[in-house]
Every structure is written in structure tokens, then in C-alpha cells.
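Presented below is the structure to which this report refers.
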Amino acid sequence: MQRLGIFGGTFNPPHWGHLHIAEAALHQVQLDQVLWIPAVVPPHRKGQDVLAIAHRLELVKRAIAPHQSFALCCVDPKTAGDRSYAIDLLHQLETQYTQYISNNHEIGSADNQWFWIIGQDAFATLPRWYRRRDLIPRCTWLVAPRRPLSPAATPAATPAATIQILQSQGIDIRWQQLDLSPLDISSSQIRQRVGDRLPIDTLVPDAVREYIEEKRLYQCPNL
Ligand code: ATP
Numbered sequence: 470m471q472r473l474g475i476f477g478g479t480f481n482p483p484h485w486g487h488l489h490i491a492e493a494a495l496h497q498v499q500l501d502q503v504l505w506i507p508a509v510v511p512p513h514r515k516g517q518d519v520l521a522i523a524h525r526l527e528l529v530k531r532a533i534a535p536h537q538s539f540a541l542c543c544v545d546p547k548t549a550g551d552r553s554y555a556i557d558l559l560h561q562l563e564t565q566y567t568q569y570i571s572n573n574h575e576i577g578s579a580d581n582q583w584f585w586i587i588g589q590d591a592f593a594t595l596p597r598w599y600r601r602r603d604l605i606p607r608c609t610w611l612v613a614p615r616r617p618l619s620p621a622a623t624p625a626a627t628p629a630a631t632i633q634i635l636q637s638q639g640i641d642i643r644w645q646q647l648d649l650s651p652l653d654i655s656s657s658q659i660r661q662r663v664g665d666r667l668p669i670d671t672l673v674p675d676a677v678r679e680y681i682e683e684k685r686l687y688q689c690p691n692l
């Protein structure tokens, strides 16, 4: 049995904030591996300017390349249909996950223990997730603190408030707060800076920045 972290996201693009929380999860909960899973078409962002999955896979691959315990995992778009839901992803991972691991290494038996790595803002949306009653009890939820990026933005609900809502829905959850200082970085901030021709050196690993520059990503509104 292995202890496996699921780290889903849009990763549009991946940044140091993502790496920071994945590292914290790996070490604080003694995970064997963290699977990075870029969403094919995030349900809440359909129709918005999300970079093609091929680019986001390449960006994540570059971001995690130096880390042995991180693996890129991609769900086949044909099976994902036009939407990707967490519950479908977890089913796929539970039943046939090895085929999604980019390095093709066998990583364990069928009864692995699953941990879902998530930022506080995304965790606050959990009480609205599709089929959450099935999904939530199958994982331990590792919640990373996150501050709103602008003073004008409404702060996300605290984990305690989110858990209260889940309990009012009759859902119990195993969870743990990750112990880390939040990094105030977001993908939207990076896209905005690239569009404004501002440097992003301190926000993403060099290999990610180089790919963004090489392919001229995020330079125009239609990507
Ligand atoms: P965007 O700005 O486009 O909304 P994002 O920076 O939130 O993107 P995502 O790929 O949507 O990045 O995030 C994937 C997961 O990582 C989510 O659970 C999100 O809450 C978490 N996350 C992203 N950045 C941080 C951060 N700086 N601190 C804590 N959690 C983060």
C-alpha cells in the first residue's frame, strides 16, 4: 500500500505556490508520491482562456522535473468527455491509475491510501462539488492556507467554516491543515504579468518561464 497525493489544478501555468504546497504535503504527511493532474477542461472555467492541455502538461512536466517524488498524471481526454470531475478522476486512479503515470513506474497495489492536496480557496468550494458524498470520504484532505491576492478580494471561507457546511450536509471529512507560510502567487497574476510584459522570474521555475517565452504563451487574449 502506498500513500499517494492527488494534486489537481488548472496549472495555467504551474508556479512556486503549487510546488510549495506539494512539497509540504509530501513531507508533512509522509506521502510516497504526489500525482500532479492538470484538469482537461475545468468545469468552472469552460469557455475561459485556459491554455491547451498539451501546453499545460509540458509546463507541469518541466516544473516537477527536479523532484523524484512528483509525477505527472494525465487523464485521457476521450474518457474525460467535455468535463472533468474529481469523482471520475478518483475512480480512474483507483482502478487503473498506473497507465496515467507519466514515467510508467508501477507505484503500488490497488488499496492505496489517497490524499487530496488543495488550497483553502478551492477547499471552500467543496460543499458544491459534484458527487461530493462519494468523493470526500475516500481521501484525506490536505488543506493549504491561502490569502486573497488583492485587498479588495473576498477571503475564502476558513477550513473550519467549510467543514461546518459539509457537516450540515451530513458529510464527514478527514482533513489536515498543511503547516506552511502562504506564498502569494497565482496563475492569473502570472498570466497578467506576461501580458503586461513584466518579469515572472520569482514566480515560476526557470524551466517554466523558458517554455512560456519560447512558445510566446499568454501574450495575447486568445492565448
Ligand atoms: P488561477 O489564478 O488561474 O485561479 P491558481 O493559482 O489558483 O490559478 P490552480 O491551478 O487553479 O492555480 O490551483 C490548483 C490548486 O492549487 C488549487 O487547490 C489552489 O487552491 C492551489 N493553489 C494554487 N496556488 C496556491 C498558493 N499560492 N497557495 C496555496 N494554494 C494554492
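So the number in my numbering is just where the residue sits in the sequence shown, counting from 1, plus 469.
By construction, the Cβ of each residue, glycine as well, lies at the ideal position given by its N, Cα and C atoms.
Discussion item. Can you give me the C-alpha to C-alpha distance between residue 553 and residue 604, rounded to a whole angstrom?
Written reply: 14 Å
Practice prompt. Would you kindly check if the distance between the Cβ of residue 531 and the Cβ of residue 500 is under 8 Å?
Written response: no
Discussion item. Helix, strand or coil, according to DSSP, for residue 539 in the structure here?
Written reply: strand
Fill in: Status (buried if at least 16 other CB within 10 Å, exposed otherwise) for residue 631
Answer is buried; the Cβ neighbour count reaches 16.
Worksheet entry | Rounded C-alpha distance that separates residue 555 from residue 667 | 34 Å
Worksheet item: What's the call for residue 502, buried or exposed, on a 16-neighbour Cβ count within 10 Å?
Response: Label assigned to residue 502: buried.
Fill in: Neighbourhood of residue 670 by C-beta distance below 8 Å, restricted to the same chain and skipping five residues each side
678
Discussion item. Output needed for residue 593: all residues of its chain with C-beta closer than 7 Å, excluding positions within five of it in sequence on either side, in chain order.
Written reply: 625, 626 and 631
Practice prompt. Anything with a beta carbon under 6 Å from a heavy atom of the ligand ATP counts; list them all in chain order.
Written response: Qualifying residues, in the order they occur: 478, 479, 480, 481, 486, 487, 490, 587, 588, 590, 591, 613, 615, 651, 652, 654, 655, 656 and 657.
Worksheet item: Apart from the five residues just before and just after residue 680, which ones in its own chain have a Cβ nearer than 7 Å to its Cβ?
Response: 527, 528 and 531
Item to complete: Could you check the C-alpha separation between residue 655 and residue 483 for me, to the nearest Å?
Response: If I take the Cα positions, the gap works out to 9 Å.
Worksheet entry | Three-state secondary structure (DSSP) of residue 571 | In this predicted model, residue 571 has a pLDDT of only 49, less than 50, meaning its place in the structure is not dependable enough to derive any value.
Discussion item. Suppose the cutoff is 7 Å on Cβ atoms and the five residues either side in sequence are ignored; what does the same chain contact list for residue 573 look like?
Written reply: Caution applies to residue 573, whose pLDDT of 49 falls short of 50 and renders its modelled position unreliable; the model cannot decide the point.
Item to complete: With residue 476 as the anchor, note down where its beta strand (DSSP E) starts and where it stops.
Response: 472–478
Fill in: Contact between the region 604–622 and the region 580–594 (3+ Cβ pairs under 8 Å)
yes
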